[in-house]
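Each remark here refers to the structure printed beneath this line.
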Amino acid sequence: MTVGPRASYQSIATRILGAERSAWSMRNGETWCALAPPGYRPRRQGWKLHVSATVASAHQVLEHAARVLVAHGCAFKFAVSPRVTADLTSVRAPRPHSGKFLTAYPADDEQLRTLAEELHRATLGLAGPVILSDRRYRPGSLVHYRYGCFSPPRELDDEGFYRGRLQTPDGSYVTDERNPWFSTPAWARPPFDDVPERPRSRGGPVLLADRYLVHEAIRHSNRGGVYRARDRHTGRDVLLKEARPHVGAQPGGTDARDRLRHEVEVLSLLAPHGVAPAPHGVFEAGGHVFLAEDLIDGENLQQWSADRASRHGGRLPVADARRLARDLTRLIGVVHAAGFVLRDLKPTNVLVRPDGTPVLVDLEGAVRTGDTAPVLGTQGFTAPEYLSRTEAGPAPGPEADCYSLGVTLLHATAGINPVLAPDTQPTRPPGERLATLVAAAAPDCPALRALAPLVLGLTADPPARRPLEAATAFLRAEPATPPPTPPPALTGPDLDRLLGDGLAHIAATVDPDPTAEHLWPRPASLPEGDPCNLQQGAAGVLAVLDRAVRTGEAPALAPLLRTAAHWIDARLALPGRTLPGLYFGRSGTVWALHDAARTLDDPGLAARARQYALDIPLDRADPDICHGLSGAGLAQLRLWRTTGDERFAERASACADSVIRLTAEADRAGGGVDWPLGPPHRRELAGSGSYGFGHGVAGHAAFLLAAGVELDRPELVDIAIGGGHALCALAERRGDIAVWPKGPGRTERMGLDFWCNGASGIGTTLIRLWQATGEPRFREHAELAARAAHRDRWRLGTGTCHGVAGNAQLLLDLADATGDDTYRTRAAEAAYCLHARAARRDGRLVVPDDTLRDFCVSYHVGLAGALDLLLRLKHGGGRPWTADRTDHTSPDPDRPERR
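FYI, the numbering for the sequence shown is 1 to 899, going by full-length UniProt numbering.
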């Protein structure tokens with residue numbers, strides 16, 4: 001998005017406030033600039049107003065709206081910058097939040113009605129998109145309204161995030177739902193008597209242009225929907241693409257509708273060459289523009305390549321890869337010969353027909369070479385030298401599409417997301433960084449080995465070294481696949497540097513101010529959560545600092561360990577809702593705090609940590625590890641083991657009983673998973689919500705196994721064994737690996753390979769069941785899961801919850817349990833993925849978070865979890881956050897012996 005230089009929004013607001021500026025408060029945040037009159041106290045909830053705008057109209061909208069709101073003494077907020085406005089109105093903006101440039105918080109409904117009319121008149125004729133979550137005040141108005149929270153949420157929701165909750169008339173709380181359609185609580189009386197623009201019932205058939213009968217929505221985006229429709233003139237099914245007014249608007253006034261009309265022109269010229277679907281026409285309905293085009297039977301390249309790989313041992317066959325490369329090269333050559341450059345070639349913009357023939361789709365970004373156009377593309381897949389432009393200008397040359405072709409083939413052959421987290425100066429050329437990924441992933445990926453010279457040539461630096469003719473010549477030559485070489489493993493100096501630089505980054509980014517909301521910057525990709533929890537708060541980082549100090553890796557971090565521990569201690573003493581889960585609740589927090597207190601030899605801190613643990617409520621109706629009682633029970637077991645305090649044993653036992661009760665109740669109500677086993681296997685866990693570790697059978701079984709052993713309750717072990725046998729029965733063998741569905745339905749989301757859901761977490765439980773029982777079936781399936789985790793290491797992000805860091809922990813589990821050092825080697829190979837992905841940040845090599853484009857130190861989605869893996873890889877020790885017996889969980893010297 002190109003954003004022209006204009007006066008800042010804040011300067012407009014300051015000018016309008018005039019002499020009242022000193023009395024009003026003005027606060028800039030990451031997204032919003034908030035203004036409040038003197039003495040303002042926000043209501044908890046009510047009807048509020050939103051005013052939409054585009055980048056081009058925003059300054060005028062703010063000028064006119066702010067005058068109205070200041071005159072009435074009404075608190076309001078607006079987008080903090082034109083860049084935020086562009087994001088809020090882009091075609092990829094989240095639909096529930098799109099278009100909300102300005103929010104007004106009326107004192108009551110009477111003021112709301114007055115403001116709505118005055119704001120409507122003040123902004124009439126200016127441009128802005130419809131806000132999907134709201135109802136328009138009048139047809140064509142920029143003013144919208146909805147019922148919701150006024151003040152920032154001060155209490156955690158059930159998931160562990162600070163998201164708005166509405167208080168019902170009976171005093172209970174419900175989530176403040178933000179849907180991409182107008183929805184309001186049944187008890188909230190509408191503020192207007194004459195409600196305009198009543199929406200039609202959702203989901204019914206729609207006839208457009210008296211011709212196209214829509215019978216299926218394929219997908220929705222902020223730009224508009226994509227639909228399957230029947231053309232009543234021809235009797236054939238067609239694809240309809242929708243563009244909403246003012247979405248993706250440019251400073252010059254063009255928006256998504258203009259881009260869709262442009263796509264019609266592009267398709268008209270390219271479809272006769274067989275490279276793209278043929279357009280049937282363009283029309284308007286309700287101000288929206290629709291394009292009707294051929295409906296191509298097939299699936300996008302991302303899904304096609306994953307499916308083909310899954311059917312061939314997890315790897316795309318070399319013959320398929322070479323054919324795909326030839327076909328895509330030919331298609332792009334046709335496009336270039338016609339005088340166009342695509343700019344946004346990526347796997348989701350390629351459809352593969354059932355016969356394997358690719359077709360280019362979604363060609364709104366294609367422009368004539370040399371034409372002036374706003375910058376458009378997708379990070380990771382569009383040539384970085386073009387995507388980094390900040391202003392509209394000449395379209396890139398064919399070399400930009402060559403880069404996109406290279407990374408598209410990299411993704412198709414190896415599943416690698418080509419997004420590169422940014423270096424700080426001095427930066428490395430993108431081609432150099434991609435070459436590192438190719439060299440590391442190619443050894444055990446035959447299709448990538450076969451195409452590696454092609455991928456490297458197409459992504460080379462400088463761009464002039466990417467001729468498409470060279471790709472064509474390479475693909476005409478006699479095919480040859482180089483012999484495999486051993487995959488690189490993270491060892492020695494590389495391991496030391498990644499670990500040392502990561503710990504240094506943690507030390508450099510801490511904000512120890514006791515009044516700060518977060519000790520380290522929170523993940524930008526997630527809602528704001530508990531700043532003390534293990535998932536994304538300070539507790540996970542505290543635990544990693546503790547391990548680094550305790551193992552001798554970084555003894556100099558002891559002062560930071562103390563600072564973090566006391567910051568968390570002070571936060572835990574504040575009033576607020578306490579959730580029990582290990583990751584999203586406070587159980588992981590008190591576990592980490594108690595361990596840190598022991599390392600710091602701080603008896604007072606340890607005593608407070610124990611009391612916090614005893615205060616955790618265990619009445620949550622959620623049995624899982626992440627949010628509920630299995631996770632809480634693990635922490636209580638840990639505290640019992642390290643203190644000998646029988647109260648923790650009793651609380652752990654109570655958690656086990658509750659987990660069994662809750663899953664049994666869900667099973668009786670028909671809300672559980674498919675359970676393939678009958679007698680003699682126990683089925684108490686059949687009411688679990690999924691099969692995985694974070695939220696389902698595997699996690700429940702792991703906790704019950706540990707509790708049964710520690711508390712001498714053999715019936716818990718038997719229940720866990722029943723869960724393990726069910727997980728083995730649910731596995732689908734694919735060569736030398738196994739895959740599992742996420743939850744109910746034996747084929748639902750097969751092939752997930754995460755800690756929270758899928759093979760990695762299930763293997764985590766099965767290997768422990770094997771250690772406890774010696775049952776060969778458990779080891780066999782744990783090893784199948786571990787091989788899946790190793791095979792998929794390049795397809796995943798960096799995180800612990802659903803990425804490489806968590807999956808490599810399973811490989812170390814297998815190495816420790818079986819004594820087979822092959823698994824330790826594979827864990828080091830998985831850890832190399834973190835090294836290859838790392839970016840240079842202020843002279844340090846830092847692993848990015850799960851988005852692969854940003855950085856945070858949070859445990860489950862960011863750097864801390866990766867460093868915990870590296871510490872274990874280097875120094876040994878047990879799996880973090882399990883009930884395994886390891887040397888670092890030895891009891892306090894003065895702990896009484898357990899009976």
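Note that CB positions come from ideal geometry on N, CA and C, so glycine has one too.
Here residue 399 is buried, its C-beta having at least 16 other C-beta atoms within 10 Å. Exclusion of the five residues before and after residue 703 leaves 630, 633 and 634 as the residues of its chain whose Cβ lies within less than 6 Å of its Cβ.
Rounded to the nearest angstrom, the gap between the Cα atoms of residue 833 and residue 798 is 8 Å.
Distance between residue 157 and residue 807, taken at the CA atoms: about 29 Å. Residue 801 sits away from residue 753, with the two beta carbons spaced by 9 Å or more. In this structure, 242 is the residue among 242, 323 and 214 with its C-alpha nearest to the C-alpha of residue 221. DSSP places residue 216 in the uninterrupted beta strand (DSSP E) bounded by 212 to 220.
With a minimum length of 3 residues, there is no unbroken run of beta strand (DSSP E) contained wholly in the region 382 to 410. For residue 757, no pairing in a beta bridge is given by DSSP. If you compare the alpha carbons of 396, 356 and 821 with that of residue 374, the shortest gap goes to 396. Look at residue 665 here: in three-state DSSP terms it is helix. For the beta strand (DSSP E) assignment, the uninterrupted runs of no fewer than 3 residues enclosed by the region 319 to 364 are, from N- to C-terminal side, 350 to 352 and 358 to 360. For residue 63, the enclosing alpha helix (DSSP H) begins and ends at 58 to 71.
In the three-state reduction of the DSSP assignment, residue 179 falls in the coil class.
Proximity to residue 636 across 622, 620 and 656 peaks at 656, based on C-alpha coordinates.
Residue pairing from DSSP places residue 33 in a beta bridge opposite 28 and 78.
The alpha carbon of residue 691 has as its nearest neighbour, out of 57, 641, 623 and 737, the alpha carbon of 623. Secondary structure at residue 740: coil, using DSSP grouped into helix, strand and coil. In the three-state scheme derived from DSSP, where H, G and I count as helix and E and B as strand, residue 250 is classed as coil.
In chain order, 443, 444, 446 and 449 place their CB closer than 8 Å to the CB of residue 484, counting only its own chain and leaving out the 5 sequence neighbours on each side.
When 162, 377 and 119 are compared, the shortest CA-CA separation from residue 142 is found for 119. Judged by DSSP secondary structure, residue 859 falls outside any alpha helix (DSSP H); it is assigned neither H nor E.
Distance from the CA of residue 495 to the CA of residue 460, rounded to the nearest whole angstrom, comes to 28 Å.
Around the beta carbon of residue 479, fewer than 16 other beta carbons sit within 10 angstroms, so the residue counts as exposed. Counting only the Cα atoms, residue 465 lies some 19 Å from residue 330. In this structure, residue 530 sits near residue 160, with a CB-CB distance shorter than 9 Å. Cα atoms of residue 33 and residue 81: separation of roughly 9 Å, rounded to the nearest angstrom.
In the structure shown, residue 161 adopts extended strand secondary structure according to DSSP, grouped into three states. The criterion of a C-beta distance shorter than 9 Å is satisfied by residue 263 and residue 291. Excluding five sequence positions before and after residue 835, the CB atoms of its chain that fall closer than 6 Å to its own CB belong to 490, 494 and 498, given in chain order. Between the alpha carbons of residue 500 and residue 414 lies a distance of about 30 Å. In this structure the region 677 to 691 touches the region 725 to 735; the number of beta carbon pairs closer than 8 Å is three or more.
For residue 47, DSSP records a beta bridge to 147.
For residue 358 and residue 227, the gap between their C-alpha atoms comes out near 21 Å. Between the beta-carbon of residue 428 and that of residue 840 there is about 7 Å, and that keeps the pair under the 8 Å contact cut. Between the alpha carbons of residue 626 and residue 784 lies a distance of about 25 Å.
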